[in-house]
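What follows is a single structure, written as structure tokens, with notes after it.
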Amino acid sequence: MQCKDFESVLASEGSGPLSAEAREHLGGCSRCQDFLSDIDSIVAAARTLSSEVTPPDRVWLSLRAQLEAEGLIKEPAETALGPSWWENLGFFLKPRSLATAGAALLLAVTAVFLTHTSRTTNTVNVPTETSTAKITGTTGPSAPGGVTNSPSAPVDVTAKNSAPGPAPSRVKVLKPSPSENASTTLSETEVDVSNMRLAGAGNAQVDASLRQNLHTLNEFIAECEQHLGKHPEDELAREYLNIAYQQKADLLAAMMESGRSEH
Amino acid sequence: MQPMINPRHSLSVWTAGLILFASSTAIAGAPQHQERHFAVKNRPVVVLQNIVNGRIEVKSSKNPEVVVSSTATAEKVAVEVEQVGDRIDISASAMGSTSEPQELQADFQLSVPEQTELQLKTQTGLIYVEQVTGDMKLESVAGDVHLKEVSGYIIVKTTGGSLVCTLCSGKLEFMSISGNAQVLQPALTNVNLMTTSGNILYDGDFIRTGIYTMKSGRGLVEVRFSGNDSFDLNARTNLGTVDNQAAAFLKPDTHTHHSTASRYAHSLFGTVGQGLAKVELSSYSGTIRILKRN
Numbered sequence: 262m263q264c265k266d267f268e269s270v271l272a273s274e275g276s277g278p279l280s281a282e283a284r285e286h287l288g289g290c291s292r293c294q295d296f297l298s299d300i301d302s303i304v305a306a307a308r309t310l311s312s313e314v315t316p317p318d319r320v321w322l323s324l325r326a327q328l329e330a331e332g333l334i335k336e337p338a339e340t341a342l343g344p345s346w347w348e349n350l351g352f353f354l355k356p357r358s359l360a361t362a363g364a365a366l367l368l369a370v371t372a373v374f375l376t377h378t379s380r381t382t383n384t385v386n387v388p389t390e391t392s393t394a395k396i397t398g399t400t401g402p403s404a405p406g407g408v409t410n411s412p413s414a415p416v417d418v419t420a421k422n423s424a425p426g427p428a429p430s431r432v433k434v435l436k437p438s439p440s441e442n443a444s445t446t447l448s449e450t451e452v453d454v455s456n457m458r459l460a461g462a463g464n465a466q467v468d469a470s471l472r473q474n475l476h477t478l479n480e481f482i483a484e485c486e487q488h489l490g491k492h493p494e495d496e497l498a499r500e501y502l503n504i505a506y507q508q509k510a511d512l513l514a515a516m517m518e519s520g521r522s523e524h
Numbered sequence: 006m007q008p009m010i011n012p013r014h015s016l017s018v019w020t021a022g023l024i025l026f027a028s029s030t031a032i033a034g035a036p037q038h039q040e041r042h043f044a045v046k047n048r049p050v051v052v053l054q055n056i057v058n059g060r061i062e063v064k065s066s067k068n069p070e071v072v073v074s075s076t077a078t079a080e081k082v083a084v085e086v087e088q089v090g091d092r093i094d095i096s097a098s099a100m101g102s103t104s105e106p107q108e109l110q111a112d113f114q115l116s117v118p119e120q121t122e123l124q125l126k127t128q129t130g131l132i133y134v135e136q137v138t139g140d141m142k143l144e145s146v147a148g149d150v151h152l153k154e155v156s157g158y159i160i161v162k163t164t165g166g167s168l169v170c171t172l173c174s175g176k177l178e179f180m181s182i183s184g185n186a187q188v189l190q191p192a193l194t195n196v197n198l199m200t201t202s203g204n205i206l207y208d209g210d211f212i213r214t215g216i217y218t219m220k221s222g223r224g225l226v227e228v229r230f231s232g233n234d235s236f237d238l239n240a241r242t243n244l245g246t247v248d249n250q251a252a253a254f255l256k257p258d259t260h261t262h263h264s265t266a267s268r269y270a271h272s273l274f275g276t277v278g279q280g281l282a283k284v285e286l287s288s289y290s291g292t293i294r295i296l297k298r299n
């Protein structure tokens, strides 16, 4: 038996017992002994490796947001993330130890909602004389004469941006839009952050910069939201608002991290 | 019988003790300089995370080594440097929370091979990179970022720091809340600049087939192109104005029909030359200014 025959036997037999012929060759061949030793070492090392690690949920959320942004999936994120989830998020963000983890999660969730918002730019027309709000969404077919937001879920309608004048008595109540939810959650997180001591006296310059930029973002967000209240179809303003939300989520995460690093 | 203590002797001992104490405190608070050399074989990856304040300066050299020079307050700031293969990890962090602001500082000077990948992060203080080729991610809270003759896929993220990019090539991404961006004499094929309240200045050529996107929420977006450029321009603003000072060189766009143009308070679509590159400028409430360089 030659060395290459021995390697073939090893490849075909695996870790099973060697034939007499192979054992005879192995006994007199130092090269094949070394080769077998290497194989044994690799197998032993492979057995010590941990099993496959499950990625955290935020990875899936980010992935989902990306796929939705690229138009590869169209299922709205709202079906997976109901309002109770948002309500509970504030509770989970309260403990200091979870603050940073919460911020990371918040980033992912905000991305999902903002992506969803930008893809389902709704036009809200609340006629003052008629009794039904009409909403047309770009992602799903609009039901004739009906109210559609997503292809599957019927939606309650919130009249937050309704036209001035006496409110029609039968106007449906709009559910808070995803961007409103994102805004609310960001504001709640901001309260938690403002209660934290940030970088401390040692990095007062950083602390001041972070707070000043948060103020800048808040002003800009308020301006965009006010404008969108009057012009909900303005895609450019919505784009800037979404960017500002993302920047605020990033900034709050950085502020939490800054506070955490000092403790 | 107790020994007699000479008051004059006692005073001199106290004085000496005080001087010793003061000098030891001064030594502990004095900046300490360190220089370390790391030999590398191929294109190195240098990762520097500065948790405290300080300046980071990176320059290239012909030597196949990374030289890390740091100046930090002894016993206040911990500087750690580790090499694994061609990767150099550097970190500076505060050793206590009771230090004075000026004590929590670490300045770095790095000398790297020309082909080096960089990941630099600092709080305040300038990040300066010169004549380095390789992908780089540079992050700062309040510090500015100055790049000169760098090339690669460049990502700059700041909170309030500004970017000045001179003679850069490759791909550039800049994201900031209040920082400004100045891109001067570039040879960039892909540019994406976004700042919420800062200003943007792009002064240079648009490379054919390049894509250039510049957005500022409230600031000024100013573009100065050359007569030899060839690009399609799409400029739009919600509440600001488009100040077109190059009307003579900008033909009305004939490539596409922009049905959404009328939605915006001010917008401008046009073509310079053959319209090979794509330039998108936008602003929420700031001014967009388009100029031709002399």
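Note that the protein sequences, when read in sequence, are chains Z and L.
Take 262 as the starting number for the first sequence in the numbering used here and just add one per residue.
Take 6 as the starting number for the second sequence in the numbering used here and just add one per residue.
Every residue, glycine too, gets a C-beta built ideally from N, C-alpha and C.
Exercise for review: Name the residue from 250(L), 236(L), 247(L) and 220(L) whose alpha carbon lies nearest to the alpha carbon of residue 502(Z).
Suggested key: Residue mapping note: residue 502(Z) aligns to position 241 of the first sequence, counting from 1. Ranking 250(L), 236(L), 247(L) and 220(L) by Cα distance to residue 502(Z) puts 220(L) first.
Review point. Is there a Cβ from chain Z that is less than 8 Å from the Cβ of residue 286(L)?
Key: Against the second sequence, residue 286(L) aligns to sequence position 281. It does not; no Cβ of chain Z falls within 8 Å.
Review point. When the cut-off is 8 Å and only beta carbons count, does residue 506(Z) lie next to chain L?
Key: By 1-based counting over the first sequence, the position of residue 506(Z) is 245. With 8 Å as the cut-off, residue 506(Z) does not count as an interface residue toward chain L.
Check your understanding: Leaving out five residues before and five after residue 212(L) in sequence, what residues of the same chain have Cβ atoms less than 8 Å from its Cβ?
Key -> Along the second sequence, one-based indexing puts residue 212(L) at 207. Take residue 212(L), set aside five residues on each side of it, and the residues of its chain with a beta-carbon closer than 8 Å to its own are 192, 193, 194 and 282, in chain order.
Check your understanding: Excluding sequence positions up to five away, which residues of its chain have a Cβ less than 8 Å from the Cβ of residue 141(L)?
Key -> Numbered from 1 along the second sequence, position 136 holds the residue referred to as residue 141(L). The answer, listed in chain order, is 122, 123, 124, 125, 134, 155, 157, 158, 159 and 160.
Practice item. Spell out whether any CB of chain L is found under 8 Å from the CB atom of residue 310(Z). Key: As a first step, residue 310(Z) must be located in the first sequence, where it is residue number 49. Output row for residue 310(Z): interface = no.
Point to revise | Residue-level contact to chain L via CB, residue 514(Z), 8 Å cutoff | key: Translated into positions along the first sequence, residue 514(Z) becomes position 253. Chain L, which has no Cβ nearer than 8 Å to the Cβ of residue 514(Z), makes this no.
Check your understanding: Using the rule of at least 16 other Cβ atoms within 10 Å of the residue's Cβ for burial, across every protein chain shown, is residue 100(L) buried or exposed?
Key -> Locating residue 100(L) in the second sequence gives position 95, where the first residue counts as 1. Around the beta-carbon of residue 100(L), fewer than 16 other beta-carbon atoms lie within 10 Å, marking it exposed.
Review point. So does the stretch 201–211 of chain L actually touch the stretch 251–258 of chain L, counting three or more Cβ pairs closer than 8 Å?
Key: These segments do not touch.
Practice item. Name, going along the chain, the residues of the stretch 483–500 of chain Z whose beta-carbon falls closer than 9 Å to a beta-carbon of chain L. Key: Going along the stretch 483–500 of chain Z in chain order, one finds 484, 485, 488, 492, 494, 495, 496, 497, 498 and 500 with a Cβ nearer than 9 Å to chain L.
Practice item. Scan the stretch 239–260 of chain L for residues whose Cβ lies nearer than 9 Å to a Cβ of chain Z and list them as they occur along the chain. Key: 241, 242, 243 and 244
Practice item. Answer with buried or exposed for residue 434(Z), where buried requires no fewer than 16 other C-beta atoms within 10 angstroms of its C-beta. Key: The sequence position of residue 434(Z) within the first sequence is 173, counting from 1. Confidence at residue 434(Z) is low in this model, with a pLDDT of 46, below 50, so the placement of that residue should be treated as unreliable; the coordinate-derived value is given next. Residue 434(Z) is exposed by the Cβ-count criterion.
Check your understanding: Between which two residues does the alpha helix (DSSP H) harbouring residue 474(Z) extend?
Key -> Against the first sequence, residue 474(Z) aligns to sequence position 213. Unbroken alpha helix (DSSP H) run through residue 474(Z): 465–491.
Check your understanding: Is it buried or exposed for residue 173(L), if we count other Cβ within 10 angstroms and need 16 for buried?
Key -> The residue labelled residue 173(L) in the question sits at position 168 within the second sequence. A residue is called buried when at least 16 other Cβ atoms come within 10 angstroms of its Cβ; residue 173(L) meets this threshold and is buried.
Exercise for review: Classify residue 241(L) as helix, strand or coil using the three-state DSSP reduction.
Suggested key: Sequence index remark: in the second sequence, residue 241(L) carries index 236 (1-based). Looking at residue 241(L) - three-state DSSP - the assignment turns out to be strand.
Practice item. Going by CA-CA distance only, name the one from 144(L), 89(L), 97(L) and 35(L) that's closest to residue 515(Z). Key: Walking along the first sequence from the start, residue 515(Z) turns up at place 254. Minimum Cα distance to residue 515(Z) is reached at 144(L).
Review point. Taking the alpha carbon of residue 185(L) as the point to measure from, which residue in 89(L), 163(L) and 242(L) has its own alpha carbon closest?
Key: Taking the second sequence and counting its residues from 1, one reaches residue 185(L) at position 180. Cα-wise, what sits closest to residue 185(L) is 163(L).
Practice item. Determine whether the Cβ of residue 196(L) lies closer than 8 Å to any Cβ atom of chain Z. Key: Within the second sequence, the letter at position 191 stands for residue 196(L). Not closer than 8 Å to any Cβ of chain Z, the Cβ of residue 196(L) fails to qualify, so no.
Exercise for review: Check each candidate in 109(L), 296(L), 87(L) and 84(L) and name the one with the smallest Cα separation from residue 277(L).
Suggested key: The residue given as residue 277(L) occupies position 272 in the second sequence. It is 296(L) whose Cα lies nearest to the Cα of residue 277(L).
Review point. Mind checking if residue 471(Z) is an interface residue toward chain L, Cβ cutoff 8 Å exclusive?
Key: The residue given as residue 471(Z) occupies position 210 in the first sequence. By this cut-off, residue 471(Z) is an interface position.
Check your understanding: Where residue 64(L) and residue 165(L) are concerned, what is the direct C-alpha to C-alpha distance, given to the nearest angstrom?
Key -> Mapped onto the second sequence, residue 64(L) falls at position 59. Mapped onto the second sequence, residue 165(L) falls at position 160. Between residue 64(L) and residue 165(L), the C-alpha separation is close to 24 Å.
Exercise for review: Could you tell me whether any Cβ in chain L is nearer than 8 Å to the Cβ of residue 464(Z)?
Suggested key: Taking the first sequence and counting its residues from 1, the one referred to as residue 464(Z) is at position 203. For residue 464(Z), the answer is yes, since a Cβ of chain L falls inside 8 Å of its Cβ.
Practice item. Apply the 10 Å Cβ neighbour rule to residue 214(L) and answer buried if 16 or more other Cβ atoms are within range, or exposed otherwise. Key: Taking the second sequence and counting its residues from 1, the one referred to as residue 214(L) is at position 209. Counting the other Cβ atoms within 10 Å of the Cβ of residue 214(L) gives fewer than 16, which makes it exposed.
Exercise for review: Give me the Cβ distance between residue 97(L) and residue 130(L), rounded to the nearest whole Å; I'm assuming they're in contact under 8 Å.
Suggested key: Position 92 of the second sequence holds residue 97(L). Position 125 of the second sequence holds residue 130(L). That belief does not hold up - the Cβ atoms of residue 97(L) and residue 130(L) are roughly 11 Å apart, past 8 Å.
**Study point:** DSSP-derived helix/strand/coil call for residue 501(Z)
**Key:** Sequence index remark: in the first sequence, residue 501(Z) carries index 240 (1-based). If DSSP states are grouped into helix, strand and coil, residue 501(Z) belongs with the helices.
Check your understanding: With respect to the beta strand (DSSP E) encompassing residue 153(L), which residues constitute its N-terminal and C-terminal limits?
Key -> The count along the second sequence starts at 1 and reaches residue 153(L) at position 148. 150–153 is the extent of the beta strand (DSSP E) around residue 153(L).
Review point. For residue 324(Z), which three-state DSSP category applies?
Key: As a working note, residue 324(Z) is residue 63 in the first sequence. Helix at residue 324(Z).
Check your understanding: The alpha helix (DSSP H) spanning residue 301(Z) covers which residue range?
Key -> Sequence index remark: in the first sequence, residue 301(Z) carries index 40 (1-based). From DSSP, the alpha helix (DSSP H) with residue 301(Z) extends over 291–309.
Point to revise | Closer than 8 Å at the beta carbon, the chain L residues around residue 474(Z) | key: Here the question's residue 474(Z) lines up with position 213 in the first sequence. Within chain L, the residues near residue 474(Z) are 164, 165, 182 and 183.
Check your understanding: Cβ of residue 86(L) versus every heavy atom of the ligand COA: is any distance shorter than 7 Å?
Key -> In the structure on display, the ligand COA does not appear, and there are no ligands present to speak of.
Check your understanding: Below 8 Å between beta carbons: does that hold for residue 290(L) and residue 232(L)?
Key -> In the second sequence, counting from the first residue as 1, residue 290(L) sits at position 285. In the second sequence, counting from the first residue as 1, residue 232(L) sits at position 227. Cβ atoms of residue 290(L) and residue 232(L): not closer than 8 Å.
Review point. Looking at the C-beta of residue 478(Z), does it have a partner C-beta in chain L at a distance below 8 Å?
Key: To locate residue 478(Z), count along the first sequence from 1; it is residue 217. Taking a beta-carbon distance threshold of 8 Å, residue 478(Z) counts as an interface residue toward chain L.
Point to revise | Rounded Cβ spacing between residue 167(L) and residue 113(L) (contact assumed at less than 8 Å) | key: Translated into positions along the second sequence, residue 167(L) becomes position 162. Translated into positions along the second sequence, residue 113(L) becomes position 108. Incorrect: roughly 20 Å between the Cβ atoms, too far for contact.
Review point. So is residue 81(L) buried or exposed if we call it buried at 16+ other beta carbons inside 10 Å?
Key: Translated into the one-based positions of the second sequence, residue 81(L) becomes position 76. With 16 or more other Cβ atoms within 10 Å, it is buried.
Review point. To the nearest angstrom, how far is it from the Cα of residue 494(Z) to the Cα of residue 87(L)?
Key: For the purposes of this step, residue 494(Z) is taken as the residue at position 233 of the first sequence. For the purposes of this step, residue 87(L) is taken as the residue at position 82 of the second sequence. Taking the straight line from one Cα to the other gives about 54 Å.
Review point. How big is the Cα-Cα spacing for residue 507(Z) and residue 237(L)?
Key: Locating residue 507(Z) in the first sequence gives position 246, where the first residue counts as 1. Locating residue 237(L) in the second sequence gives position 232, where the first residue counts as 1. Each residue's alpha carbon lies about 29 Å from the other.
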